[in-house]
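Note sheet for the following structure.
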Amino acid sequence: MKIFNSLTMKKEEFVPIEPGKIRMYVCGPTVYNLIHIGNARPMIVFDTARRYFEHKGYEVNFVSNFTDVDDKIIKAAIEEGVTAEEISQRYIEECKKDMAAMNVRPATTHPLATKEIGGMIGMISKLIKKDYAYEKNGTVYFRTRKFNEYGKLSHKNLDDLRSGFRTLKVSGEDEKEDNLDFVLWKPKKEGEPAWKSPWCEGRPGWHIECSVMAKKYLGDEIDIHAGGEDLIFPHHENEIAQSECANGVPFARYWMHNAFLNINGTKMSKSLGNFFTVRDIAAHYDLQVLRLLMLSAHYRTQLNFSEELMASAKSSLERITNAAGHLLDLVTNGADGELTEKEEALLTEARKFAESFDAHMDDDINTADALSDIFELVKFANITTTDGCTKAYARALHQELEALCDILGLICDVPDEALSAEVEAKIAERQEARKAKDFARADAIRDELAAMGIELMDTKEGVKWKRKA
Ligand code: AMP
Ligand code: ZN
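Spelled out as structure tokens, the structure:
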């Protein structure tokens, strides 16, 4: 299996530190608001990578933090007149609901920054002892120039970085030895959450959190560190500096970064106000549609969010769910008995879709091409079952389809209650339209249902429906 490593800028063969096991850390969201669908991109793509690693037989220790102490959280708390903890707890709960609705599995561990302060004080003390950090008036800074390899992830040159910083004077930071030095610990301001430390009552900088949580839950050396590409500099660069100077060993072997989810060509972000929350989307769509949309592009290519893309993802998902529904019907209503010889040959042929799927996923988690393999399988299933088949054949194809969808975290079987609620609602709306002699609307609803793979039958007892064969 090959993974593109941002550290070397190359696709590399993946070799874990410990055979059969993967230690993976993904930077999680800062919890001061509902997450937007840009934040959902790393959640969906790295959940999919994890599912694929597990499919390959790896045991994955997957750690993803919640940043629950931060300026934005404190600002939100002041605005609402509540504690920072109340804000972060509320949005952690909401974030977990969104993750579940997107079928993103909970991490093995979701550490909270505020519960790991002791470890952070420990690592900062060690960095001071090793002369990689220094304290000035209660603030502790990392001595960037002491780490020769600084810039190796972002491929930035230290001198260029320093000259770029020269013009930027950050107030209160004149005391730093060097413009590139960054904060590990800072004194509290009035009303802010704070913890006692050897330097002052205060709170940690953002970067030290991840170095400490990765170390505690995964060890000094980890296999994969992941996050959005905006985190490469300075966040991940600083994590490398802290971890490698404190632990004395290379931090992460493979760095994976997802590209942005854009809107009209610009990065979707809270600060620009050009975002949709996952909740906004959930009000109009099944979040499986959003998941499919995210996976329809390779994770390292930018994705421009639009209504048209959502509509197309919706119909793509329906192609899958219709085929799965049709196969399930045949599992009940197909011919009894063993697979025919022809069916056995067809199943052998169908296995090539799963092989191609794996080959695409082995190539740096290419979900876009892996999805095409699923659509090829869907087409194959539709064609080879038009004239009926055995239950056994339908079951085998359904199993293959379900297994591939499951690796991508897509649910191919629409739960019957959900489907019937939707269909019944549309049938009722159609009856209303007919009563009002709005036949165009009534026909449009019949067409919508047909597109969902539902056939209507007018019977003496009223309108009945079934999945189209
Ligand atoms: P934040 O809450 O801003 O720290 O972001 C949490 C995660 O979402 C990080 O991995 C970010 O890189 C990622 N992220 C934020 N906005 C976007 C976006 N528009 N597209 C892709 N990833 C994003
Ligand atoms: Zn991080």
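Counting from 1, one number per residue, gives the positions in the sequence shown under this note's numbering.
Even for Gly, the Cβ is constructed at its ideal location relative to N, Cα and C.
Only a predicted model underlies this, so the values are computations on that prediction, with no experimental measurement involved.
Point to revise | beta strand (DSSP E) runs contained entirely in the region 179-265, provided each spans 3 or more residues | key: Taking only runs of at least 3 residues, the beta strand (DSSP E) segments lying wholly in the region 179-265 are 182-187, 202-204, 222-228, 252-258 and 261-263.
Review point. What's the gap between the Cα of Lys169 and the Cα of Leu161?
Key: Note that Lys169 has pLDDT 49, beneath the 50 cutoff, so the model's placement of it is unreliable and the number below is only indicative. Rounded to the nearest angstrom, the two C-alpha atoms are 14 Å apart.
Practice item. For ligand 2, list every residue whose C-beta falls under 5 Å from any of its heavy atoms, going in chain order. Key: For ligand 2, the residues with a Cβ under 5 Å from any of its heavy atoms are, in chain order, Cys27 and Cys210.
Point to revise | CB-CB length for Ile263 against Tyr52, believed under 8 Å | key: Going by Cβ atoms, the distance from Ile263 to Tyr52 rounds to 28 Å, so no, they are not a contact pair.
Check your understanding: Relative to ligand 1, is the shortest distance from any of its heavy atoms to the C-beta of Ala30 smaller than 7 Å?
Key -> The displayed chain sequence assigns Thr, not Ala, to residue 30. Correct: Thr30 has its Cβ closer than 7 Å to ligand 1.
Check your understanding: Anyone know if the C-beta pair for Ile124 and Leu184 falls short of 8 Å?
Key -> Taking 8 Å as the Cβ cut-off, Ile124 and Leu184 qualify as a contacting pair.
Exercise for review: Specify the secondary structure class of Ser6 as computed by DSSP and reduced to three states.
Suggested key: Residue state, collapsed to three classes: coil.
Review point. What's the gap between the Cα of Phe147 and the Cα of Tyr254?
Key: In this structure, the CA atom of Phe147 is about 20 Å from the CA atom of Tyr254.
Check your understanding: Given a threshold of 16 other Cβ atoms within 10 Å of its Cβ, counted over all protein chains shown, does Lys464 qualify as buried or as exposed?
Key -> An exposed status is given to Lys464, since fewer than 16 other beta-carbon atoms sit within 10 Å of its beta-carbon.
Exercise for review: Look up Val60 in the DSSP assignment and say whether it is helix, strand or coil.
Suggested key: Look at Val60 here: in three-state DSSP terms it is strand.
**Study point:** Range of the contiguous alpha helix (DSSP H) that encloses Ile411
**Key:** Per DSSP, Ile411 belongs to no alpha helix (DSSP H) and is neither H nor E.
Review point. When every heavy atom of ligand 1 is checked, does at least one fall within less than 7 Å of the C-beta of Ser269?
Key: With a threshold of 7 Å, the Cβ atom of Ser269 counts as near ligand 1, since some heavy atom of the ligand is closer than that.
Review point. Based on the DSSP secondary-structure assignment, which residues constitute the bridge partners of Asn157?
Key: Note: Asn157 sits in no beta bridge, so no partner.
Review point. What three-state label does DSSP hand Phe142 in the structure shown?
Key: Residue state, collapsed to three classes: strand.
Review point. How about Val289 and Met310: do their beta carbons lie closer than 8 Å?
Key: A contact, by the Cβ cut-off of 8 Å.
**Study point:** Exposure label - Asp443; buried when at least 16 CB within 10 Å
**Key:** With fewer than 16 Cβ atoms within 10 Å of its Cβ, Asp443 is classed as exposed.
Point to revise | Boundaries (first-last residue) of the beta strand (DSSP E) holding Met457 | key: For Met457, the enclosing beta strand (DSSP E) covers residues Ile454 to Thr459.
Review point. In chain order, what residues of the same chain have a beta carbon less than 6 Å from the beta carbon of Arg319, not counting five sequence neighbours either side?
Key: Val378.
Practice item. Could you name the residues that DSSP lists as bridge partners for Arg467? Key: According to DSSP, which records beta bridges pairwise, Arg467 is partnered with Ile454.
**Study point:** Between the CA atoms of Ala241 and Glu473 - distance to the nearest angstrom
**Key:** The structure shown does not extend to residue 473, since the chain spans only 1 to 469, so no value can be given for it.
**Study point:** Nearest candidate by alpha-carbon position, reference Arg466, set Lys97, Ala392, Arg441 and Gly325
**Key:** For the sequence presented, residue 466 should be read as Lys rather than Arg. Of the listed residues, the one whose Cα sits closest to Lys466 is Gly325.
Review point. Three or more beta-carbon pairs under 8 Å between the region 340-348 and the region 383-401, yes or no?
Key: Between the region 340-348 and the region 383-401, the count of C-beta pairs closer than 8 Å reaches three or more; the two stretches touch.
Review point. Does the separation of the CB atoms of Ala100 and Ile87 fall below 8 Å?
Key: No. Outside cutoff.
Point to revise | C-beta atoms of Asp70 and Ile92 nearer than 8 Å | key: No, the Cβ-Cβ distance between Asp70 and Ile92 is not below 8 Å.
**Study point:** Straight-line gap, Ile281 to Leu112 (C-alpha atoms, nearest Å)
**Key:** So the alpha carbons of these two residues sit roughly 27 Å apart.
Practice item. Could you give the DSSP three-state label for Leu303: helix, strand or coil? Key: Secondary structure at Leu303: strand, using DSSP grouped into helix, strand and coil.
Check your understanding: Does DSSP classify Met102 as helix, strand or coil?
Key -> Met102 falls in the coil class under three-state DSSP.
Check your understanding: Thinking just about the alpha-carbon of each residue, which of Val423, Lys460 and Asp230 is nearest to the one in Gly453?
Key -> Ranking the options by Cα distance to Gly453, first place goes to Val423.
**Study point:** Check: Phe4 C-beta below 7 Å from any heavy atom of ligand 1
**Key:** Answer for Phe4: no, Cβ out of range of ligand 1.
Exercise for review: Could you tell me if Pro42 is buried or exposed, where buried requires 16 or more neighbouring beta carbons within 10 angstroms of its beta carbon?
Suggested key: Within 10 angstroms of the beta-carbon of Pro42 lie 16 or more other beta-carbons, which makes it buried.
Point to revise | Residues near Thr108 by beta carbon distance below 6 Å, same chain, minus five either side | key: Cβ-Cβ distances below 6 Å link Thr108 to Asn61 and Phe62 in the same chain, with the five nearest sequence neighbours on each side left out; the list follows chain order.
Practice item. From the DSSP output, in three-state form, read off Met24 for me. Key: Strand.
Review point. In terms of alpha-carbon separation, which member of Leu404, Ile37, Phe142 and Ser154 lies closest to Asn304?
Key: Taking only the C-alpha atoms, the option nearest Asn304 is Ile37.
Check your understanding: For Leu410, which of Glu429, Lys21, Asp47 and Thr30 has the nearest alpha-carbon?
Key -> Taking only the C-alpha atoms, the option nearest Leu410 is Asp47.
Review point. So is the beta-carbon of Leu330 under 7 Å away from any non-hydrogen atom of ligand 1?
Key: Not under cutoff, so the answer is no.
Check your understanding: Going straight from the alpha carbon of Lys72 to that of Arg90, what length do you get?
Key -> Here the C-alpha atom of Lys72 lies approximately 14 Å from the C-alpha atom of Arg90.
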